[in-house]
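Protein chains in written order, with the working numbering: chain B, 2 to 801; chain U, 875 to 1213. For each residue, glycine too, the CB sits at the ideal point set by N, CA and C. Note that the coordinates shown come from a computational prediction; the quantities given were computed from them, not determined experimentally. Some notes on the structure that comes next.
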Amino acid sequence: MKISYNWLKDFVDINVSPKELAEKMTISGFEVEDIAFMNEHLHDVYVSKIEKIEKHPQADRLVVCQVNVGFKNVQIVTSATNVFEGAIVPVALDGADLCNGVKIKPSNFRGVPSEGMFCSGEELGIDDNYLEGASINGILILPNDFKPGDKIEDALMLNDVMFDINVTPNRPDCNSVIGLAREVCAMYNKPFKDFDISYKTIKDDINKYISVDVKTNNCRRYMAAYIKNIKLQRSPLWLRSRLFTVGIKPINSMVDITNFILIEQGQPMHAFDYRYLEDKKIIVRQAQKNEKISVLNGNSYELDESTMVIADGKKPVVIAGVIGGVNSAINNDTKESIFECAVFDLKSIRITARKFGLRTDSSARYEKGVNVNAPTLAIKRALHLVDALNCGEIVDGIIDKCTEKLEEKKIIKVSYSKVCKILGFEVPVDKTLQILNGLGISSQIHGDELVCIPPFIRDDIQNENDIAEEIIRIYGYDNYNNINDEPFENCSTTVGEYEPRLVFENLLKNTLVDLGFFETLNYSLYSSTACDKLLISADDVRRNVIKIANPISEDLSTARTLMAHALLLDISYNLSVGNKDLRFFEVGRIYQPKALPLTELPIENNRISFAVCEDKFNFFNMKNVVENLLVNTSLKYNLERSKEPYLHSGISADIVSKDGKVVGWFGKIHKLVLKNYDIAQDVYYGELDTDYLSQLPEKKFQTKEVSKFPPVERDIAIVVDEKISNQQIQSAIKSACGNIFYDVNLFDIYRNDVLGAGKKSMAYKIILSSDEKTLTKEEVNAIIGKVLKSLEFRFGAKLR
Amino acid sequence: MKQKLAQILENSTKEIELAQDLKILDEIRIKYCGKSGELTQILRGMKDIPAEERKEIGSIANSVREKIEKSLEDKLNALETAKLNADMEKEKIDITEPAIGVKRGTLHPLTRFNNKFIEICVEMGFTVIQTPEIETDYNNFEALNVPKNHPARDMQDSLYITDSILMRTHTSTAQVRAMKMFKPPFKIVCPGRVYRNDDDSSHSPIFNQFEALVIDENVSLKDFMAMIKQMLIKLYGENVKMRVRPAYFPFTEPSIEIDATCQICQGKGCSLCKGTGFSEFFGGGIVNPKILEMAGIDSKKYSGFAFGPGIDRSVMVTNKIPNIKYLFRNDLRFLKQMR
């Protein structure tokens, strides 16, 4: 909301610096986002009168002017051709710094000194809309009644300051000068200066000229006035200055008045050319299907029942609350006009504005909410201006159609002690009353009961909390800045608890960090092509993705059902910028819908994913990572060949819990997938379901006494078929050793031509230990013999 | 005889002193104390010495033997130590060569901040909860006093999935869920991701928030401020300053915005804090009684406060991260700086 300081001063007597006012407003809840000084580039520019013009002795294209600047006479050399003796013109003297960046200092034109420069409208930052003749290419010729010596900013009424204020959605009443002025009154404890709503009418009856019929509940109130014998003209300079300061282009007195009311009263208005209203009727209704309207922005729209229009007897003439039609707009020759001052339902306006992508000053205001009481004074204020500016004759009577009962005075009774309890300290009673009354909330106290009557435009004040906020924001939140009290002195004690999954995730995160991994953060929305890139088959449930209806981009259009995509993108990006030896992990969610389209919330599954792109890193390095992660859990699991389509089918494993659930997987990324991500090196990837793992029972440790007798180690090397797995051999060794088994480790594997194709040599270190005695050589030999026999019997293993 | 013993002691002491290595030392030992060493000879010849002298001579001879053995042992130790020292000197390495083994990675700066903040909250009696990121419009807006077409919806353009389901725009949804999960009094905090339809150089469409909610009897704005002050001190140290400004949120009344001493300039004023010395920490306020009533909590009996710091900004400020996009770019060169 842009407002002018001078405008504000119409309603409140203050004389503080703009910066101070801005700070005060900001700490009271109205953040001033910008301040603009309209006179920033007008200092050292004055109204002057050219007394005498002579030719320059040396230059044909220059003239030398003797100029009266009121307090002194100066000589100005100019090349301008539109100056004449007796002309009133703006002159910039030494020190001036004009809008176009020109800085003025005394100079010398071919031997003739010049003490400054005459200015064009552009150099003063104005054009024809602001002042007639300001757009011409030459010196701005000012009206004859301008007085030489006056500062140009005063003469042109550009001595104003613009404040751009962030008005919060709960205060639609402050999208107006009067609303903000009330706030300033409370801040400085000043009275609100009422505005003039008086006007003369001619004896007649508006009902003879127009009828208003409201046929939709989306129109809460419709007021109309009729003005005839209109004399369209420029608005006076003071009014143009107000509009100019807040960034609105002055047009003509009728249109300017509607804009003036919008800013001052926060009430959108519309002016129709009466001539073009067929049947002399105004009908507020929902549009019919296939109705069309051409509006003031040059576009035409096809309407339907969702859009409210103002129509005459035949056709829509305005998209209600949004934009006027060209067919009834005010023209230069408009003689009679209907003034509309209405309140429309904010939802209806919002829907229409969105539907057509149309945001006007009017729709923006309606969407924020215009109080149903606002037109009462606003239309009178508008008519006051019509009268005061001598724009036309106001016909007796204002039509007022209201589809709802206007609220009586709203009385709010709250407990003063409750209000103080909300704030946590006592604001003195007299101060409380002063603040509330200053805000226009007429308040009295009876015992503990605070009786408040908010102004009719303050819908937001409803309960103790609202009253507490009004008091504290004016009393000052800075009362809390240096607080050093203990919190919760009068409250219960609660014991904090961590979230088990977050704790578990942190355990895994720290494990991975210790193993050299870097934590990444990735978007949980991705491109719909992720499934394709990861070779996910057509019948895979993860193809059922949740799509964002209004995505920012295709890359962020889909809620992810796969973790791998993000880390592969990270690796691809890092390789592309020359980073090497990448170990990344991510903790995040995937989103699996129960059915599509979504009718209930999806399953959000928390997972941890990790990937490595590094020379000499292989499946078993990754297996080590997985084991180090899972050692944090009580999970009992088997490894099975993985079915993940984006992993190498032979170099990957699913981690399957004892109850048959796949709780994760890891392995080498499929070659085609690497290609899809422009990755030229092998990548190993793994992920775990942290929801499942974090709810497992806590890992318990049971220990037993260690043996008093020394363990015995024996190495064996056997040749077996490739299809025999290490796990098979190890468990066979274990069972053959019986109760003196301690441990077995595979320490060497090799394959060569001598062994032959499909064969491998496996070397194991077997450790035996007895709790009862020192094992003798014979006993050990017997056991090893049993092991070898068992291996030969079960797998055809041959001792090497 | 006495003279002879004195001579042996003197000679052997001198020789031991001069011995340069273990071999010579051993030769000396053999020369005096060996099977046919000079001293051994004398000791063996004791029986030939007249009885009246034997005692005295024997005593002297033993003393000499002890002294020689002691000297030999000392010298032996000295030579061995010298040899070890010499060996170690030879084995000296360049200690500035790089370490061997896996180097630790790093936690994301956001995780670090999260963990610190969660720890502070739990210490203060908050229970940590997690709630869905895909939410109902009801939980995200309506239950928080933002009905359909409410102007406050403009403040946060949402990513919708259907008319009634969307990506949550704030962790305030946790308020709604917590009020159903717990009976007052309670304190909860919910860290999580939130989503907005907003992507430019200073906004990320996905970012991180905390939501904290306290519901109890007698909770006041003063408790809120006092608690925040303690949190700020724990996060940023004793010298932190706090600045409170009014604000608007549909679900709190009164609503405030709290700034803390700018962590870049420590309050001196810099480009990041636009010279104010403060940077925005978070918003919150007293829970609007309407919210309590909607959740079925007696607003006459209970009150509370809620607040939600956007943590990405805080993390950026504390770590001087130049651009919010860095948080999601995962460039190793960036992540390594956190080591």
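*Run the CB neighbour count on B:Leu-1, radius 10 Å, all protein chains shown included, and call it buried at 16 or more, exposed below.*
Outside the shown range of chain B, which is 2 to 801, sits residue 1 of chain B, and nothing can be said about it.
*chain B partners of U:Ala-1100, CB-CB under 7 Å?*
Against the second sequence, residue 1100 of chain U aligns to sequence position 226. Going along chain B in sequence order, the residues near U:Ala-1100 (Cβ under 7 Å) are Ile-484, Asp-486, Glu-487 and Pro-488.
*U:Glu-884 classed as buried or exposed, judged by whether at least 16 other C-beta atoms fall within 10 angstroms*: The residue given as residue 884 of chain U occupies position 10 in the second sequence. When all chains shown are included, U:Glu-884 counts as exposed.
*Going by alpha carbons, who is nearest to B:Lys-148 out of B:Ile-105, B:Pro-91, B:Ser-254 and B:Asp-274?*
Start at 1 with the first residue of the first sequence, and residue 148 of chain B comes out as number 147. Residue B:Pro-91 is the option with its Cα nearest to B:Lys-148.
*Continuous alpha helix (DSSP H) stretch holding U:Lys-897: start and end*: Position 23 of the second sequence, counting from 1, holds the residue named residue 897 of chain U. Note, U:Lys-897: alpha helix (DSSP H), 896-907.
*Using 8 Å as the Cβ pair cut-off and three pairs as the minimum, do the region 1182-1193 of chain U and the region 1079-1088 of chain U touch?*
yes
_Close beta carbons around B:Ile-442, own chain, < 6 Å, minus the five adjacent residues each side_ = Taking the first sequence and counting its residues from 1, the one referred to as residue 442 of chain B is at position 441. Cys-453 and Pro-455.
*For U:Met-962, does the count of other Cβ atoms within 10 angstroms reach 16, so buried, or fall short, so exposed?*
Looking up residue 962 of chain U in the second sequence gives position 88. Exposed, because fewer than 16 other Cβ atoms sit within 10 Å of the Cβ of U:Met-962.
*When the cut-off is 7 Å and only beta carbons count, does B:Val-657 lie next to chain U?*
If you number the first sequence from 1, residue 657 of chain B lands on position 656. By this cut-off, B:Val-657 is not an interface position.
*Under 8 Å from the C-beta of B:Glu-34: neighbouring residues of chain U*: Position 33 of the first sequence, counted from the first residue, corresponds to residue 34 of chain B. Per Cβ cutoff of 8 Å: no residues; B:Glu-34 is ~12 Å from chain U at best.
*Can B:Phe-586 and B:Leu-513 be called in contact, C-beta distance under 7 Å?*
Counting from 1 along the first sequence, the entry for residue 586 of chain B is found at position 585. Counting from 1 along the first sequence, the entry for residue 513 of chain B is found at position 512. Closer than 7 Å, so yes.
*Show which residues of chain B have a CB atom less than 7 Å away from the CB atom of U:Pro-1183.*
For the purposes of this step, residue 1183 of chain U is taken as the residue at position 309 of the second sequence. By Cβ distance, chain B contributes nothing, its closest Cβ being about 17 Å from U:Pro-1183, past 7 Å.
*asked:* How far does the beta strand (DSSP E) with B:Lys-662 in it extend, from its first residue to its last?
replied: Counted from its first residue, the first sequence places residue 662 of chain B at position 661. Run containing B:Lys-662: none; DSSP gives neither H nor E here.
*Proximal chain B residues relative to U:Tyr-1012, where beta-carbon distance stays under 9 Å*: Taking the second sequence and counting its residues from 1, the one referred to as residue 1012 of chain U is at position 138. Those do not exist, as U:Tyr-1012 stays about 11 Å from chain B at its closest Cβ, beyond 9 Å.
*Since I believe B:Val-48 is in contact with B:Gly-150 (beta carbons under 8 Å), could you give me their beta-carbon distance rounded to a whole number of angstroms?*
For this step, residue 150 of chain B is matched to residue 149 along the first sequence. For this step, residue 48 of chain B is matched to residue 47 along the first sequence. B:Gly-150 to B:Val-48, Cβ: 7 Å. Contact.
*Kindly indicate which residue of B:Ile-767, B:Ala-288 and B:Ser-762 has the alpha-carbon position closest to the one of B:Leu-800.*
Along the first sequence, read from residue 1 onward, the residue named residue 800 of chain B stands at position 799. Here the closest residue by C-alpha is B:Ser-762.
*What number of angstroms, rounded off, separates the C-alpha of B:Ala-718 from the C-alpha of B:Gly-739?*
Along the first sequence, read from residue 1 onward, the residue named residue 718 of chain B stands at position 717. Along the first sequence, read from residue 1 onward, the residue named residue 739 of chain B stands at position 738. For B:Ala-718 and B:Gly-739, the distance between alpha carbons rounds to 20 Å.
*Which two residues bound the contiguous beta strand (DSSP E) that contains U:Met-1041?*
As a working note, residue 1041 of chain U is residue 167 in the second sequence. Element bounds for U:Met-1041: 1039-1041.
*DSSP-derived helix/strand/coil call for B:Arg-286*: As a working mapping, residue 286 of chain B is identified with position 285 in the first sequence. Looking at B:Arg-286 - three-state DSSP - the assignment turns out to be strand.
*When the Cα atoms are used, what is the spatial distance from B:Ser-726 to B:Ser-791?*
If you number the first sequence from 1, residue 726 of chain B lands on position 725. If you number the first sequence from 1, residue 791 of chain B lands on position 790. B:Ser-726 and B:Ser-791: Cα-Cα distance of roughly 15 Å.
*Near B:Cys-100, what residues of its chain come up, given a Cβ to Cβ distance below 8 Å and the 5 sequence neighbours on each side ignored?*
Residue 100 of chain B sits at position 99 when you count from the first residue of the first sequence. Answer for B:Cys-100: His-42, Glu-123, Glu-124, Leu-125 and Gly-126, listed in chain order.
*asked:* With a threshold of 8 Å on Cβ separation, who are the neighbours of U:Glu-1167 within its own chain once the five nearest residues in sequence on each side are excluded?
replied: What you label residue 1167 of chain U is simply residue 293 of the second sequence in a count that begins at 1. Hits under 8 Å: Ser-1173.
*asked:* Using the Cβ count rule (16 or more neighbours within 10 Å means buried), how would you classify B:Thr-82?
replied: Residue mapping note: residue 82 of chain B aligns to position 81 of the first sequence, counting from 1. Flag for B:Thr-82 reads exposed.
_Looking at the strands, I want to know which residues DSSP matches up with U:Arg-1067._
Against the second sequence, residue 1067 of chain U aligns to sequence position 193. Paired residues: U:Asn-1082.
*Relative to the ligand GTP, is the shortest distance from any of its heavy atoms to the C-beta of B:Ser-329 smaller than 6 Å?*
The model on display carries no ligand, and the ligand GTP is accordingly not part of it.
*Taking 7 Å as the cut-off, decide whether the C-beta atoms of B:Ala-383 and B:Ile-423 are in contact.*
The count along the first sequence starts at 1 and reaches residue 383 of chain B at position 382. The count along the first sequence starts at 1 and reaches residue 423 of chain B at position 422. For B:Ala-383 and B:Ile-423, no; Cβs fall outside 7 Å.
_DSSP-derived helix/strand/coil call for B:Ile-741_ = On the first sequence, residue 741 of chain B is found 740 positions in, with the first residue counted as 1. Helix.
*Endpoints, alpha helix (DSSP H) assigned at U:Phe-991*: Numbered from its first residue, the second sequence carries residue 991 of chain U at position 117. Its alpha helix (DSSP H) spans residues 983-997.
*asked:* 7 Å is my cut-off, CB to CB: does B:Val-632 come that close to chain U?
replied: Against the first sequence, residue 632 of chain B aligns to sequence position 631. So no, B:Val-632 is outside the interface.
*What's the C-alpha gap between B:Gly-579 and U:Asp-1205?*
For the purposes of this step, residue 579 of chain B is taken as residue 578 along the first sequence, with counting starting at 1. For the purposes of this step, residue 1205 of chain U is taken as residue 331 along the second sequence, with counting starting at 1. The straight-line gap from Cα to Cα measures roughly 10 Å.
*Taking C-beta pairs closer than 8 Å, name the residues in chain U that B:Lys-510 reaches, listed in chain order.*
By one-based count along the first sequence, residue 510 of chain B stands at place 509. The answer, in chain order, is Leu-981 and Thr-985.
*Any idea what DSSP makes of B:Leu-648, helix, strand or coil?*
Position 647 of the first sequence holds residue 648 of chain B. B:Leu-648 falls in the strand class under three-state DSSP.
*If B:Gly-117 sits next to B:Leu-141, beta carbons under 8 Å apart, how far is it from one beta carbon to the other, in whole angstroms?*
As a working mapping, residue 117 of chain B is identified with position 116 in the first sequence. As a working mapping, residue 141 of chain B is identified with position 140 in the first sequence. Between B:Leu-141 and B:Gly-117 the Cβ distance is about 14 Å, and since that is not below 8 Å, they are no contact.
*Buried/exposed call for B:Glu-688, threshold 16 Cβ in 10 Å*: Against the first sequence, residue 688 of chain B aligns to sequence position 687. Looking at its Cβ environment, which holds 16 or more other Cβ atoms inside 10 Å, B:Glu-688 is buried.
*For B:Val-310 versus B:Arg-222, is the C-beta distance shorter than 7 Å?*
Within the first sequence, numbered from 1, the residue matching residue 310 of chain B stands at position 309. Within the first sequence, numbered from 1, the residue matching residue 222 of chain B stands at position 221. In this structure, B:Arg-222 does not lie closer than 7 Å to B:Val-310 by Cβ.
*Any residues in the region 1115-1131 of chain U with a beta carbon nearer than 8 Å to a beta carbon of chain B? Which ones, in chain order?*
Lys-1115, Met-1116, Arg-1117, Val-1118, Arg-1119, Pro-1120, Ala-1121, Tyr-1122, Pro-1124, Glu-1127, Pro-1128, Ser-1129 and Ile-1130
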